[in-house]
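Trainee: First residue of the sequence shown: 7, per this note's numbering; consecutive thereafter. Backbone N, C-alpha and C fix where the C-beta goes; we use that ideal spot for every residue, glycine too. A single structure is presented below for examination.
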Amino acid sequence: DTTYETKENSAVKSEAATPTGTERIENRRVYLPAVDVIENEKESVLFADMPGVDQTNIDITIEKTVLTIKGKPTYPEFSGYEPVYSEYGIGDFERSFTLSEAVDKDNISATVKDGVLTLRLPKATPKTRRIEVASAEAK
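Right under this line is the structure:
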């Protein structure tokens, strides 16, 4: 459900849809952050562009298998000026991902620098458990 239109090789911010049956508490726009994901044999790394967001304004949660990132950017105030024209819409960032069982959810880590959130999602080690079979003979 994420669509990014490209205009001269740059991504255009897409507004996030409000989930059915819910309402937003604040009257602010919410945008889907652009995301890149890379991986190797040990981990996947997710990069989310969230300009204006620092570590104090990010909320990352996992509920069952859904990882949700939310960011509330701070924007500079220009005292004595009024906005005349703006191409960059002001609003929050929010995006959710469904994680597979291959992700070690207990060891996910996150950092943010210059408005880019980096999430490291280590791969879980497969757990094999032997199940002993008992005899079903009647006594």
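(1) Go to Ala-54, then tell me how far its beta strand (DSSP E) extends in each direction, as first and last residue.
(2) Is Ala-130 closer than 8 Å to Lys-110 when the C-beta atoms are compared?
(3) Using 10 angstroms around the beta-carbon of Lys-119, count the other beta-carbons present and answer buried if the total reaches 16, otherwise exposed.
(4) Can you list, in chain order, the residues of its chain whose CB lies under 8 Å from that of Asn-113, leaving out five sequence neighbours each side?
(5) What residue range does the beta strand (DSSP E) around Val-43 cover?
(6) Counting Cβ pairs closer than 8 Å, one from the stretch 54–62 and one from the stretch 73–82, do we hit at least three?
(7) Can you tell me whether Tyr-37 is buried or exposed, with buried defined as 16 or more other CB within 10 angstroms of its CB?
(8) Whose CA, out of Tyr-91, Pro-39, Phe-103, lies closest to the CA of Gly-121?
(9) Identify every residue that forms a DSSP beta bridge with Gln-125.
(10) Please determine, among Ser-106, Lys-133, Arg-34, the residue with the shortest C-alpha to C-alpha distance to Thr-71.
(11) Checking the sheet assignment: what are the DSSP bridge partners for Arg-35?
(12) Between Thr-74, Thr-62, Lys-133, which lies nearest to Thr-104 when the distance is taken from Cα to Cα?
Mentor: This is what the structure gives:
(1) 49–55
(2) For clarity, residue 110 is Asp in the given sequence; the question names Lys instead. It is a contact, given that the beta carbons lie within the stated cut-off.
(3) exposed
(4) Pro-128
(5) 41–45
(6) yes
(7) buried
(8) Pro-39
(9) Residue identity check: residue 125 is Leu in the sequence provided, not Gln. DSSP output for Leu-125 lists Leu-52, Ala-116 as bridge partner(s).
(10) Ser-106
(11) Gly-97
(12) Thr-74
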